[in-house]
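**Student:** Below you'll find the structure I mean.
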Amino acid sequence: MRAALVAEYRKLLSTRMWWVLLVALAAYLAFIGGVMGLSLTVAPQPEDGPPPLEGAELAAAVYGLTNAIGYVFPLVIGSLAMTTEFRYRTITQSLLVEPRRGVLLGAKLLATVPLGLLYGVVGTAAVVGVAGPVLAAAGDGAFLTDGDVVQVILLSVVVSALWAVIGVAFGSVLTNQVAAIVVILAFTQFVEPIARIALGAFDVTDGVARFLPGAAADGLIGASFYAAFGGGDSDLLPRWASLLVLLAYAGGLALVGRFTTLRRDIG
């Protein structure tokens, strides 16, 4: 297992894509963090909207953008760990070196954890590094010593690692690289945000919204940008339940991939 794990980790770092996406993540979240920090402290808030957030709650919601918006990046890099093998037909050589398909998949899942943590550190640092001074100058403060806010920051890093693992599991199910990226982009940028707002708008479906992957991740970090600004799912799952939901997504997809894609003859 150790040899397979080292080999998969080296594969991830052997291309430029991991650091290209990392740079894009940092730039994107720095920009979004600055814009949101300014808009929520300087721009006038509509009178008919939800009450504006203040203090530590506002800081936590803004810093939680690493998960609310930036989670597409670790998802994509995780999916590439699997789909690249099928795109360039290197999966045959990988299975010749490690014929135990469960071990191969497990190594890919574990190898993305450090990379996911790196994405979490860089993405969160970009948000906090830009939004923090804005909140300190134009708002009630950056609240970087508040215990709840610090938890949001630290858990945002952990959640990024989980997203990378879920990306690998998803890539084991949908091995076409272009299709996998399109589905990830469509789901994270359109389908889930709309679903969270639509389901959260009604009491009968609000409970369903909490089990969507993005909402579960918000529950784990303890802050929800959608809930804070009227996007529904105001009652997030507790942290332990949120963690179980995310692990269930990762484990469920990995099992499907193991007993479908990796069960067939590959040549």
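The numbering used here numbers the first residue of the sequence shown as 2 and each following residue consecutively.
For each residue, glycine too, the CB sits at the ideal point set by N, CA and C.
Quantities reported herein were computed from a predicted structural model and do not represent experimental measurements.
1) Should the stretch 95 to 113 be regarded as contacting the stretch 192 to 202, the criterion being three or more beta carbon pairs within less than 8 angstroms?
2) Which word fits V192, buried or exposed, when buried means at least 16 other C-beta atoms lie within 10 angstroms of its C-beta?
3) Could you tell me which of T146, T262, P214 and G103 sits nearest to G172, measuring between CA atoms?
4) Can you list, in chain order, the stretches of the alpha helix (DSSP H) that have 4 or more residues and sit fully within the stretch 7 to 32?
5) What I want to know is whether the C-beta of A4 ends up closer than 8 angstroms to one or more non-hydrogen atoms of the ligand NAP.
6) Between S157 and G121, which are expected to be in contact by the criterion C-beta below 8 angstroms, what is the C-beta distance as a whole number of angstroms?
7) Between the C-alpha atoms of L30 and V179, what's the straight-line distance to the nearest angstrom?
8) Does DSSP classify I198 as helix, strand or coil?
9) By how many angstroms is the C-alpha of I154 removed from the C-alpha of G319?
10) Take L119 and list the residues in its own chain whose beta-carbon comes closer than 8 angstroms to its own, dropping the five residues that flank it on each side.
11) Quick check on DSSP: helix, strand or coil for M83?
12) For F160 versus T84, is the C-beta spacing smaller than 9 angstroms?
13) Sorted by chain position, which residues of the same chain lie with C-beta nearer than 6 angstroms to L163's C-beta, five sequence neighbours on each side aside?
14) At the level of alpha carbons, what is the spacing between V77 and A69?
15) Could you compute how far the alpha carbon of T206 sits from the alpha carbon of A181?
16) Determine the contact status of L39 and A139, defining contact as a CB-CB distance below 9 angstroms.
**Tutor:** Let's see:
1) no
2) Walking along the sequence shown from the start, residue 192 turns up at place 191. Exposed, since its Cβ has fewer than 16 Cβ neighbours within 10 Å.
3) Numbered from its first residue, the sequence shown carries residue 172 at position 171. Nearest option by C-alpha distance: T262.
4) none
5) Annotation note on the ligand NAP: not contained in the displayed structure, which lists no ligands.
6) Residue numbering aside, residue 157 sits at position 156 when the sequence shown is read from its first letter. Residue numbering aside, residue 121 sits at position 120 when the sequence shown is read from its first letter. Indeed, because the Cβ distance is near 6 angstroms, the residues count as touching under 8 angstroms.
7) Taking the sequence shown and counting its residues from 1, the one referred to as residue 30 is at position 29. Taking the sequence shown and counting its residues from 1, the one referred to as residue 179 is at position 178. Their backbone Cα atoms lie some 24 angstroms apart in a straight line.
8) Within the sequence shown, residue 198 is the residue found at index 197, counting from 1. Helix.
9) The question about residue 319 has no answer, for the chain in this structure spans 2 to 268.
10) Your numbering for residue 119 matches position 118 in the sequence shown. Taken in chain order, the residues that qualify are L23.
11) For the purposes of this step, residue 83 is identified with residue 82 of the sequence shown, where counting begins at 1. If DSSP states are grouped into helix, strand and coil, M83 belongs with the helices.
12) By 1-based counting over the sequence shown, the position of residue 160 is 159. By 1-based counting over the sequence shown, the position of residue 84 is 83. Note that residue 160 is Val in the sequence shown, not Phe. Result no, Cβ atoms of V160 and T84 do not sit closer than 9 angstroms.
13) Looking up residue 163 in the sequence shown gives position 162. Closer than 6 angstroms at the Cβ level, and outside the excluded window around L163, lie L247.
14) Numbered from its first residue, the sequence shown carries residue 77 at position 76. Numbered from its first residue, the sequence shown carries residue 69 at position 68. If I take the Cα positions, the gap works out to 15 angstroms.
15) For this step, residue 206 is matched to residue 205 along the sequence shown. For this step, residue 181 is matched to residue 180 along the sequence shown. Whole-angstrom Cα-Cα distance: 28 angstroms.
16) For the purposes of this step, residue 39 is taken as the residue at position 38 of the sequence shown. For the purposes of this step, residue 139 is taken as the residue at position 138 of the sequence shown. Yes, they are a contact pair.
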